[in-house]
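Novice:
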Amino acid sequence: MNVRPAFLRLGVFLGVLVWLGLGICEEAVARAGGAGGSSPSENSSSRSSGSKSSGSSKSSGSSSYRSKSSGSYRSSGSSSYRSGGGGGYYGGSEPGWMMVVRWVMWGVPIGAALLLAAILIRRYWKAHKLDPVVRPRPPARVGREAFLAANPDFEPAVFVAKVRSAFMKIQKAWMAQDISHIRPFISDGMYQRFATQFRMMGLLKQRNVLDKIKVFGIHPITFRDDGAFDVIDVWIYAVMSDSFTCELDPSMNSEGNDPFVEYWSFIRKRGTVDSGFNLFAAKTCPSCGAELPQDMGELCRCSHCQVLVNSGEFDWVLAEITQEGDYGRTLLGARVPLDLPAAVAAIAPECPDFSQQLVEDKASNAFMQIMTAWATRNPASVRRFSTDEVFAGISELISSPPDIAFARIYLNEAVLLYVTRDAAQAKHRIDVGLSASMQRVELLPDGRFRPLDWEEKRSLFTLTMERDVDAVPEKGSLYQHQCATCGGRVGDTIDVTCQYCGSALNSTRNEWIVCGFRES
Numbered sequence: 001m002n003v004r005p006a007f008l009r010l011g012v013f014l015g016v017l018v019w020l021g022l023g024i025c026e027e028a029v030a031r032a033g034g035a036g037g038s039s040p041s042e043n044s045s046s047r048s049s050g051s052k053s054s055g056s057s058k059s060s061g062s063s064s065y066r067s068k069s070s071g072s073y074r075s076s077g078s079s080s081y082r083s084g085g086g087g088g089y090y091g092g093s094e095p096g097w098m099m100v101v102r103w104v105m106w107g108v109p110i111g112a113a114l115l116l117a118a119i120l121i122r123r124y125w126k127a128h129k130l131d132p133v134v135r136p137r138p139p140a141r142v143g144r145e146a147f148l149a150a151n152p153d154f155e156p157a158v159f160v161a162k163v164r165s166a167f168m169k170i171q172k173a174w175m176a177q178d179i180s181h182i183r184p185f186i187s188d189g190m191y192q193r194f195a196t197q198f199r200m201m202g203l204l205k206q207r208n209v210l211d212k213i214k215v216f217g218i219h220p221i222t223f224r225d226d227g228a229f230d231v232i233d234v235w236i237y238a239v240m241s242d243s244f245t246c247e248l249d250p251s252m253n254s255e256g257n258d259p260f261v262e263y264w265s266f267i268r269k270r271g272t273v274d275s276g277f278n279l280f281a282a283k284t285c286p287s288c289g290a291e292l293p294q295d296m297g298e299l300c301r302c303s304h305c306q307v308l309v310n311s312g313e314f315d316w317v318l319a320e321i322t323q324e325g326d327y328g329r330t331l332l333g334a335r336v337p338l339d340l341p342a343a344v345a346a347i348a349p350e351c352p353d354f355s356q357q358l359v360e361d362k363a364s365n366a367f368m369q370i371m372t373a374w375a376t377r378n379p380a381s382v383r384r385f386s387t388d389e390v391f392a393g394i395s396e397l398i399s400s401p402p403d404i405a406f407a408r409i410y411l412n413e414a415v416l417l418y419v420t421r422d423a424a425q426a427k428h429r430i431d432v433g434l435s436a437s438m439q440r441v442e443l444l445p446d447g448r449f450r451p452l453d454w455e456e457k458r459s460l461f462t463l464t465m466e467r468d469v470d471a472v473p474e475k476g477s478l479y480q481h482q483c484a485t486c487g488g489r490v491g492d493t494i495d496v497t498c499q500y501c502g503s504a505l506n507s508t509r510n511e512w513i514v515c516g517f518r519e520s
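Residues 1 to 520 (our numbering) are what the sequence shown spells out, left to right.
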């Protein structure tokens, strides 16, 4: 039920009822006055005029809501607002148009007052955000019993508390455009999504203020295996006041405060024992106990023991946020072959670290970095993880006019579409479909921008990645500016040779490398 329009409809309906009711009461009073309250002079005047009623009662003119007089509309009796006779306020007859005037004079103000009351109630509803009359229900749980049997130490209440903490902290980080405080419990792909959005918001001088945040429900709904990891999808129902402003173009400002549903996916290494460590509130390393860096950015690594804090070995990590309209109703779902699970199982013996959630996360990371390179016109930032052919194509895209940035950009979904083994080249190859909502703008020389899209548009992309069949586990991630061979720090450069170990950065020997990228 939509409560707010109902208030307005109720106000209009009551206004009409009052208007009609006043008219009926008016007529009743007029009848009483006309029948028994007129003066003798009025009666004689009426009789002398020769006007005759078709009914049994004598009247100087029409006085009912629906006229029953056989005479003319104009009466021979008194026609002023106040009767000229001495028999009372409504003692004389009255033209029909005066009755309409009285109805309007009484009904319209009262109806307007009721309508105003309905509007004020609606504003109160919006300001205080009353609970909706009908709340959505979470989907049925899937896989919970099997997961609990395999993880007897799992405490649902503790997990839900972590999710709630993550939800509130991420809203705060979004407003501040600062990822540092949430970095330990988000995946690398999630980091890159936020980083790209914040980069664009800073470029276009945009702010997003969130207020009156209220969480109605948090329910883990799906428990599943994914390679060496466990994944839990969580249904979250919440509401908040959302104000988006753009300093360079106020026409892009928007506000909203409607309830919404999102699905948050958390990932953890299978077999991880719950030690009581809470990554969502931690300020120290889960491995060595040293204090974590306050400015932890792209690389989520302890500066003392060099462990990856968000690896999923210590606690649950947020790997994806999916909107209600995309969850389970993917645009890319029709492109997923029925034999995909069998294809994934076929490469598992040669690729024991393979996880669908992780490769989708890696692909989304690469995609967002490509979009950032496009907007900042810096192709060197994607050189380290792309083949020569892909790099040439991205460089050509970036150099082509106009200068593009994104007023809005977010990844709706990343879906594994294809897995195969290239026997000739001894490589595993995967295709990941990406659905992104974007609103492009053209950057102008004077620092302003011109919208190219007047609203967000959904686009589909396919990103192809490959890695050697006998790949050696990486010591660092190229997508976090680390050499996969030695773990050394790598900058944004077109030189694909590591300055520390001399190995090729974009080698498929250690890491999944982007070998294809196209809009589909």
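Glycine residues also receive a C-beta, built at the ideal position from the N, C-alpha and C atoms.
In the DSSP output, which residue or residues are listed as bridge partners for residue 413?
Specialist: Numbered from 1 along the sequence shown, position 413 holds the residue referred to as residue 413. Per DSSP, 435.
Novice: According to DSSP, what are the bridge partners of residue 220?
Specialist: The residue labelled residue 220 in the question sits at position 220 within the sequence shown. DSSP, once it has assigned bridges, lists 234 as partnering residue 220.
Novice: With which residues is residue 214 paired in a DSSP beta bridge?
Specialist: Walking along the sequence shown from the start, residue 214 turns up at place 214. Answer is 239, bridged to residue 214.
Novice: Taking the beta strand (DSSP E) that residue 182 belongs to, which residues open and close that run?
Specialist: Against the sequence shown, residue 182 aligns to sequence position 182. Careful: residue 182 lies outside any beta strand (DSSP E) and carries neither H nor E.
Novice: What does the alpha-carbon distance come out to for the pair residue 420 and residue 162?
Specialist: Position 420 of the sequence shown, counted from the start, is the residue given in the question as residue 420. Position 162 of the sequence shown, counted from the start, is the residue given in the question as residue 162. Using only the alpha carbons, I get a separation of about 37 Å.
Novice: Return helix, strand or coil for residue 368, following the three-state DSSP convention.
Specialist: Counting from one through the sequence shown, the residue named residue 368 turns up at place 368. Helix at residue 368.
Novice: For residue 191 and residue 410, I'd like the C-alpha separation in whole angstroms.
Specialist: Counting from one through the sequence shown, the residue named residue 191 turns up at place 191. Counting from one through the sequence shown, the residue named residue 410 turns up at place 410. Cα-Cα distance, rounded: 12 Å.
Novice: Whose C-beta lies closer than 7 Å to the C-beta of residue 302 among residues of the same chain, with five residues either side of it excluded?
Specialist: Taking the sequence shown and counting its residues from 1, the one referred to as residue 302 is at position 302. Around residue 302: 285, 287, 288, 290, 292, 309.
Novice: Using 8 Å as the threshold, is the stretch 443-454 in touch with the stretch 490-498, meaning 3 or more CB pairs across them?
Specialist: Contact fails: fewer than three Cβ-Cβ distances are below 8 Å.
Novice: Using only the alpha-carbon positions, how far apart do residue 281 and residue 153 sit?
Specialist: Here residue 281 is taken as the residue at index 281 of the sequence shown, counted from 1. Here residue 153 is taken as the residue at index 153 of the sequence shown, counted from 1. Their Cα atoms are separated by approximately 20 Å.
Novice: If you draw a straight line from the alpha carbon of residue 61 to that of residue 259, how long is it in whole angstroms?
Specialist: For this step, residue 61 is matched to residue 61 along the sequence shown. For this step, residue 259 is matched to residue 259 along the sequence shown. Residue confidence for residue 61 is low, a pLDDT of 36 falling below 50, so the modelled location carries little weight; the figure read from the coordinates is stated next. Computed Cα separation, rounded: 60 Å.
Novice: Looking at residue 381: is its Cβ nearer than 7 Å to the Cβ of residue 392?
Specialist: To locate residue 381, count along the sequence shown from 1; it is residue 381. To locate residue 392, count along the sequence shown from 1; it is residue 392. Not closer than 7 Å, so no.
Novice: Quick one: give me the first and last residue of the beta strand (DSSP E) that residue 465 is part of.
Specialist: Position 465 of the sequence shown, counted from the first residue, corresponds to residue 465. Unbroken beta strand (DSSP E) run through residue 465: 457-468.
Novice: On the three-state DSSP scale, how would you describe residue 318?
Specialist: For this step, residue 318 is matched to residue 318 along the sequence shown. Looking at residue 318 - three-state DSSP - the assignment turns out to be strand.
Novice: Between residue 167 and residue 236, how many whole angstroms is the CB-CB distance? I'm expecting something under 8 Å.
Specialist: The count along the sequence shown starts at 1 and reaches residue 167 at position 167. The count along the sequence shown starts at 1 and reaches residue 236 at position 236. Rounded, the Cβ-Cβ distance is 6 Å, consistent with contact.
Novice: Extract the residue ranges of the beta strand (DSSP E) inside the stretch 276-353, only unbroken runs of 3 or more that lie entirely within it.
Specialist: Listed in chain order, they are 317-323.
Novice: Taking residue 490 and residue 483 to be in contact with their CB atoms under 8 Å, please state how far apart those CB atoms are, rounded to whole angstroms.
Specialist: To locate residue 490, count along the sequence shown from 1; it is residue 490. To locate residue 483, count along the sequence shown from 1; it is residue 483. Yes, they are in contact, since the Cβ atoms of residue 490 and residue 483 sit about 6 Å apart, within 8 Å.
Novice: Considering only the alpha carbon of each residue, which of 253, 321, 208 lies closest to residue 186?
Specialist: Within the sequence shown, numbered from 1, the residue matching residue 186 stands at position 186. For residue 186, the nearest C-alpha among the options comes from 321.
Novice: I'd like to check one pair, residue 189 with residue 378: are the Cβ atoms closer than 7 Å?
Specialist: Position 378 of the sequence shown, counted from the first residue, corresponds to residue 378. Position 189 of the sequence shown, counted from the first residue, corresponds to residue 189. Taking 7 Å as the Cβ cut-off, residue 378 and residue 189 do not qualify as a contacting pair.
Novice: Straight-line CA distance for residue 395 to residue 468?
Specialist: Translated into the one-based positions of the sequence shown, residue 395 becomes position 395. Translated into the one-based positions of the sequence shown, residue 468 becomes position 468. Between residue 395 and residue 468, the C-alpha separation is close to 26 Å.
Novice: Between residue 48 and the rest of its own chain, which residues show a CB-CB distance below 7 Å, the 5 nearest in sequence each way excluded?
Specialist: The residue given as residue 48 occupies position 48 in the sequence shown. Annotation note: pLDDT 39 at residue 48 (below 50); position unreliable, coordinate value reported separately. Cβ within range, chain order: n/a, list empty.
Novice: If you drop the 5 nearest sequence neighbours on each side, which residues of the same chain put their C-beta closer than 6 Å to that of residue 256?
Specialist: The sequence position of residue 256 within the sequence shown is 256, counting from 1. Answer for residue 256: 242, listed in chain order.
Novice: Could you check the C-alpha separation between residue 39 and residue 120 for me, to the nearest Å?
Specialist: As a working mapping, residue 39 is identified with position 39 in the sequence shown. As a working mapping, residue 120 is identified with position 120 in the sequence shown. Any reading at residue 39 needs caution, since the residue's pLDDT is 42, under 50, leaving its predicted position unreliable; the model's value is listed next. One C-alpha to the other measures close to 49 Å.
Novice: Quick check on residue 135: does DSSP put it in helix, strand or coil?
Specialist: Position 135 of the sequence shown, counted from the start, is the residue given in the question as residue 135. Three-state DSSP puts residue 135 in coil, outside helix and strand.
Novice: Hey, how far is the Cα of residue 375 from the Cα of residue 458?
Specialist: Within the sequence shown, residue 375 is the residue found at index 375, counting from 1. Within the sequence shown, residue 458 is the residue found at index 458, counting from 1. Roughly 18 Å between the two C-alpha positions.
Novice: How about residue 433 and residue 462: do their beta carbons lie closer than 7 Å?
Specialist: As a working note, residue 433 is residue 433 in the sequence shown. As a working note, residue 462 is residue 462 in the sequence shown. The answer is yes: Cβ separation under 7 Å.
Novice: If you draw a straight line from the C-alpha of residue 157 to the C-alpha of residue 164, how long is it?
Specialist: Position 157 of the sequence shown holds residue 157. Position 164 of the sequence shown holds residue 164. Cα to Cα, residue 157 sits roughly 11 Å from residue 164.
Novice: Would you kindly report the start and end of the unbroken beta strand (DSSP E) that includes residue 263?
Specialist: As a position in the sequence shown, residue 263 is number 263, starting the count at 1. Looking at the DSSP string, the run of the beta strand (DSSP E) that includes residue 263 is 260-269.
Novice: By Cβ distance below 8 Å, which residues in the same chain neighbour residue 360 in space, the five residues on each side in sequence not counted?
Specialist: If you number the sequence shown from 1, residue 360 lands on position 360. So the qualifying residues of the chain are 189, 320, 414, 415, 416, 432.
Novice: Under the criterion of a Cβ to heavy atom distance below 6 Å, does residue 503 qualify as lining the ligand GDP?
Specialist: Looking at this structure, you won't find the ligand GDP or any other ligand, since it has none at all.
Novice: Between the Cα of residue 328 and the Cα atoms of 405, 406, 474, 263, which residue gives the shortest distance?
Specialist: On the sequence shown, residue 328 is found 328 positions in, with the first residue counted as 1. Checking every option, the nearest Cα to that of residue 328 belongs to 263.
Novice: Apart from the five residues just before and just after residue 224, which ones in its own chain have a Cβ nearer than 7 Å to its Cβ?
Specialist: Here the question's residue 224 lines up with position 224 in the sequence shown. Taken in chain order, the residues that qualify are 143, 231.
Novice: Which residues mark the beginning and the end of the beta strand (DSSP E) in which residue 519 is found?
Specialist: For the purposes of this step, residue 519 is taken as the residue at position 519 of the sequence shown. Run containing residue 519: 513-519, per the beta strand (DSSP E) assignment.
Novice: Leaving out the 5 sequence neighbours to the left and right, which residues in its chain are closer than 6 Å to residue 476 when beta-carbon positions are compared?
Specialist: On the sequence shown, position 476 is the one that residue 476 refers to. Hits under 6 Å: 482, 483, 484, 487.
Novice: Under the three-state reduction of DSSP, which class applies to residue 418: helix, strand or coil?
Specialist: Taking the first residue of the sequence shown as 1, we reach residue 418 at position 418. In this structure, residue 418 counts as strand in the three-state DSSP scheme.
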